[in-house]
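Enquirer: Below is one structure. I have some questions about it.
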Amino acid sequence: MLSRARVVVVIALALAGWVGSAAAAPPRGRTPRLADRLIWRWVPNLSHAASVKAVSERLQTQFGHAMPNKDWQVTADRMLRRHGRIPASVLPESLPPLPAVASTHLAAGVIKTALAASDVRSGYIYLERQAAALRGSSNELEQQLGSALTSYLARYKAKWAKPWLRQQRARFAKAPREAWRFTETVNYQDSISSEQRAVIEKRIARAKRVLEHLVDPQVLLRMPPVPIQVGSQFSGPCIATEANGRKLIHLTPTSSVKDLLHELGHWVEDFGGWRIFTTMHALRWRRSDGRLSELGKLLEGTTYDATQKAFNGKFVAPYIGRKYAGGSTEVLSMGLERLVNTRAAYKFFQQDGEHLLLLLASLQGQR
Ligand SMILES: [Zn+2]
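For the sequence shown, this note's numbering gives the first residue as 30, with consecutive numbering after it.
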């Protein structure tokens with residue numbers, strides 16, 4: 030057993046080695062245990078298969094007539110691998126000293142993790158992924174290491190994250206956007222009072238402003254205007270499809286700005302372009318263990334039927350793993366609703382920095 034003081038020295042040396050190290054690029058965010066790696070390799074991964082299917086079907090629909098013989102599954106797989114990468118350019122350079130963890134086992138784990146990264150920025154991203162993976166481990170020591178890494182990263186973020194997130198949320202505040210038509214129509218059903226209508230109008234305006242300030246105007250311009258219907262008989266906010274295939278957003282009189290951002294997130298995922306759609310699938314695939322569970326079992330107190338399922342994974346909320354037959358995900362929506370204000374964005378960043386960074390990267394064109 031090493032003494033506590035020696036552990037601290039070893040960690041300090043590891044940090045020096047980490048900052049100066051020119052080792053190979055870090056592996057891509059999974060539990061680092063050999064058994065898991067073997068399982069990952071040899072057991073068919075339903076999450077990967079579902080994402081390849083979703084992306085290749087969309088490719089086929091859009092380009093299939095021009096290239097009937099192309100293997101769209103191969104293209105989809107390549108796109109998914111490429112778009113899972115996070116942009117290191119957005120992170121500051123310096124990191125605080127590594128955490129003084131309580132046991133030599135944990136210290137060894139931290140050192141191994143730190144030495145695997147090639148520089149501070151990729152080290153940060155690597156640790157972020159490892160922390161998420163380790164926290165989800167069934168091994169108690171790995172869980173402790175995951176928590177130690179998480180609190181270490183939280184200290185790192187606390188120094189700069191709030192002003193940075195404020196900047197990101199206002200990144201396009203001054204960009205010209207005269208051509209973007211956000212809504213086509215907003216219909217209020219008779220049961221909606223004029224007071225309720227005034228509240229919803231204000232919330233729609235706020236959600237629009239959040240998107241305009243946060244999302245690259247080029248992405249917004251790609252999206253068709255959103256028809257919105259407000260009614261008290263709807264069970265909750267959702268994307269609905271009419272008999273003629275037209276999609277629209279259903280809201281209730283109590284729908285919040287956060288709810289609206291969630292539904293608009295589906296709109297952005299559907300119409301915001303290939304990179305956004307593929308990036309969301311790439312994140313879900315990489316975070317998932319590849320198995321499906323019934324949503325009703327993952328989320329206590331809900332009434333999803335047995336056919337509604339989600340991929341198990343290391344997500345900030347289990348619902349993020351939800352699988353839809355049409356290929357949509359909940360990755361963008363569940364992330365975007367967490368950007369409703371800087372406080373919520375900060376909490377999200379503390380909980381899952383990688384999800385937030387990937388989301389911002391795809392919405393803002395940072396690659
Ligand atoms: Zn949703």
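Here a beta-carbon is modelled for each residue, glycine too, at the ideal position from N, C-alpha and C.
Values in this document were obtained by computation on a predicted structure and should not be read as measured data.
Would L312 and V360 qualify as a contact pair, given that the criterion is a beta-carbon distance under 8 angstroms?
Expert: For the purposes of this step, residue 312 is taken as residue 283 along the sequence shown, with counting starting at 1. For the purposes of this step, residue 360 is taken as residue 331 along the sequence shown, with counting starting at 1. It is a contact, given that the beta carbons lie within the stated cut-off.
Enquirer: In terms of alpha-carbon separation, which member of G301, A190, F306 lies closest to A374?
Expert: To locate residue 374, count along the sequence shown from 1; it is residue 345. Closest option to A374, Cα to Cα, is A190.
Enquirer: Consult DSSP for W358 and reduce its assignment to one of helix, strand or coil.
Expert: Residue numbering aside, residue 358 sits at position 329 when the sequence shown is read from its first letter. Before going on, a small fix: residue 358 reads as Thr here, not Trp. Three-state result, T358: coil.
Enquirer: Among the residues of its own chain, which have a CB less than 8 angstroms from the CB of Q262, if the five just before and after it don't count?
Expert: Within the sequence shown, residue 262 is the residue found at index 233, counting from 1. Only Q218, S220 meet the Cβ criterion.
Enquirer: Are the segment 173-184 and the segment 348-360 touching, with three or more C-beta to C-beta distances below 8 angstroms?
Expert: no
Enquirer: Let me check you understand the geometry: is the CB of N362 closer than 7 angstroms to at least one non-hydrogen atom of ligand 1?
Expert: The residue labelled residue 362 in the question sits at position 333 within the sequence shown. Here the sequence assigns Ser to residue 362, which means Asn is not the residue at that position. Yes, the beta carbon of S362 sits closer than 7 angstroms to at least one heavy atom of ligand 1.
Enquirer: Provide the residue span of the beta strand (DSSP E) that contains Q258, from first to last.
Expert: If you number the sequence shown from 1, residue 258 lands on position 229. Looking at the DSSP string, the run of the beta strand (DSSP E) that includes Q258 is 255-259.
Enquirer: So, for R57: in the same chain, excluding its five sequence neighbours on each side, which residues have a beta-carbon less than 6 angstroms away from its beta-carbon?
Expert: As a working mapping, residue 57 is identified with position 28 in the sequence shown. At R57, the pLDDT of 40 sits below 50, so the modelled position is not reliable and the matter cannot be decided from this model.
Enquirer: Span of the alpha helix (DSSP H) holding T307?
Expert: What you label residue 307 is simply residue 278 of the sequence shown in a count that begins at 1. Element bounds for T307: 303-316.
Enquirer: Excluding the 5 residues preceding and the 5 following V286 in the sequence, name in chain order all residues of the same chain whose CB lies nearer than 8 angstroms to its CB.
Expert: By 1-based counting over the sequence shown, the position of residue 286 is 257. Once the five neighbours on either side are set aside, the close Cβ partners of V286 are R232, R235, A236, V239, V369.
Enquirer: With H, G and I counted as helix, E and B as strand and the rest as coil, what does DSSP make of Y348?
Expert: What you label residue 348 is simply residue 319 of the sequence shown in a count that begins at 1. Of the three classes helix, strand and coil, the one that applies to Y348 here is helix, per DSSP.
Enquirer: Would you kindly work out how many angstroms separate the C-alpha atoms of R66 and G165, rounded to a whole number?
Expert: In the sequence shown, residue 66 corresponds to position 37, counting from 1. In the sequence shown, residue 165 corresponds to position 136, counting from 1. Any reading at R66 must be qualified, since the residue scores a pLDDT of 49, below 50, and its modelled position is unreliable; the value itself is stated next. Cα to Cα, R66 sits roughly 15 angstroms from G165.
Enquirer: Among the residues of its own chain, which have a CB less than 8 angstroms from the CB of H291, if the five just before and after it don't count?
Expert: The residue labelled residue 291 in the question sits at position 262 within the sequence shown. Answer for H291: P266, S362, M363, L365, E366, listed in chain order.
Enquirer: Out of R110, D245, T281, which one is the CA nearest neighbour of V215?
Expert: Walking along the sequence shown from the start, residue 215 turns up at place 186. Comparing Cα positions, the closest option is T281.
Enquirer: What three-state label does DSSP hand A269 in the structure shown?
Expert: The residue given as residue 269 occupies position 240 in the sequence shown. Here A269 sits in strand by DSSP.
Enquirer: Excluding the 5 residues flanking L163 on each side, which residues of the same chain have their C-beta closer than 6 angstroms to its C-beta?
Expert: Stepping through the sequence shown from its first residue, residue 163 is reached at position 134. For L163, where only same-chain residues beyond five positions count, the Cβ hits under 6 angstroms are E171, L174, G175.
Enquirer: Counting along the chain, where does the alpha helix (DSSP H) carrying K186 start and finish?
Expert: As a position in the sequence shown, residue 186 is number 157, starting the count at 1. For K186, the uninterrupted alpha helix (DSSP H) run begins and ends at 169-198, by DSSP.
Enquirer: Please return the same chain residues whose Cβ sits closer than 7 angstroms to the Cβ of L328, not counting the five positions on each side in sequence.
Expert: Here residue 328 refers to the residue found at position 299 of the sequence shown. Hits under 7 angstroms: P347, Y348.
Enquirer: Roughly how many whole angstroms lie between the Cα atoms of D318 and I154?
Expert: What you label residue 318 is simply residue 289 of the sequence shown in a count that begins at 1. What you label residue 154 is simply residue 125 of the sequence shown in a count that begins at 1. Cα to Cα, D318 sits roughly 20 angstroms from I154.
Enquirer: Run the CB neighbour count on K343, radius 10 Å, all protein chains shown included, and call it buried at 16 or more, exposed below.
Expert: Translated into the one-based positions of the sequence shown, residue 343 becomes position 314. K343 comes out buried.
Enquirer: Taking Cβ to Cβ, would you say E298 is nearer than 8 angstroms to S357?
Expert: Taking the first residue of the sequence shown as position 1, residue 298 is located at position 269. Taking the first residue of the sequence shown as position 1, residue 357 is located at position 328. Yes, Cβ-Cβ distance for E298 and S357 is below 8 angstroms.
Enquirer: Could you check whether H295 and S80 sit closer than 8 angstroms to each other, using their CB atoms as the reference points?
Expert: Position 51 of the sequence shown, counted from the start, is the residue given in the question as residue 80. Position 266 of the sequence shown, counted from the start, is the residue given in the question as residue 295. Not in contact: S80 and H295 (Cβ atoms no closer than 8 angstroms).
Enquirer: Buried or exposed: which applies to R184, given that a residue is buried once 16 or more other Cβ atoms fall within 10 Å of its Cβ?
Expert: The count along the sequence shown starts at 1 and reaches residue 184 at position 155. Exposed: under 16 other Cβ atoms inside 10 Å.
Enquirer: Closer than 7 angstroms by C-beta to Q379: which residues in its own chain qualify, once you throw out the five before and the five after it? Chain order, please.
Expert: Sequence index remark: in the sequence shown, residue 379 carries index 350 (1-based). Closer than 7 angstroms at Cβ, skipping near neighbours: A183, K186.
Enquirer: Bridge partners for H279 per DSSP, in chain order?
Expert: By one-based count along the sequence shown, residue 279 stands at place 250. DSSP output for H279 lists Q258, C267 as bridge partner(s).
Enquirer: What does DSSP give as the partner residues of P104 in its beta bridges?
Expert: For the purposes of this step, residue 104 is identified with residue 75 of the sequence shown, where counting begins at 1. The sequence given here places Thr at residue 104; Pro does not occur at that position. Paired residue(s): none; T104 is not in a bridge.
Enquirer: If you follow the alpha helix (DSSP H) that T371 is in, where does it begin and where does it stop?
Expert: As a working note, residue 371 is residue 342 in the sequence shown. Element bounds for T371: 371-380.
Enquirer: Which same chain residues end up closer than 7 angstroms to A160 when comparing Cβ atoms and leaving out the 5 residues on each side of it in sequence?
Expert: Numbered from its first residue, the sequence shown carries residue 160 at position 131. Excluding sequence neighbours, A160 sits near G175, L178, T179, L182.
Enquirer: H279: beta carbon under 7 angstroms from a heavy atom of ligand 1?
Expert: Your numbering for residue 279 matches position 250 in the sequence shown. Because no heavy atom of ligand 1 lies under 7 angstroms away, the Cβ of H279 does not count as near it: no.
Enquirer: 8 angstroms is my cut-off, CB to CB: does W314 come that close to chain B?
Expert: You won't find chain B in this structure, because it holds only one protein chain.
Enquirer: Evaluate S264 with the Cβ neighbour count: other Cβ atoms within 10 Å of its Cβ, from every protein chain shown; 16 or more gives buried, anything less gives exposed.
Expert: Locating residue 264 in the sequence shown gives position 235, where the first residue counts as 1. Exposed.
Enquirer: Could you check the C-alpha separation between L243 and D100 for me, to the nearest Å?
Expert: Counting from one through the sequence shown, the residue named residue 243 turns up at place 214. Counting from one through the sequence shown, the residue named residue 100 turns up at place 71. Going from the Cα of L243 to the Cα of D100 covers about 36 angstroms.
Enquirer: Tell me the rounded alpha-carbon separation between A83 and T336.
Expert: Residue numbering aside, residue 83 sits at position 54 when the sequence shown is read from its first letter. Residue numbering aside, residue 336 sits at position 307 when the sequence shown is read from its first letter. Cα to Cα, the separation comes out at about 18 angstroms.
Enquirer: Mapping DSSP to helix, strand and coil, what is F300?
Expert: Start at 1 with the first residue of the sequence shown, and residue 300 comes out as number 271. Helix, per DSSP.
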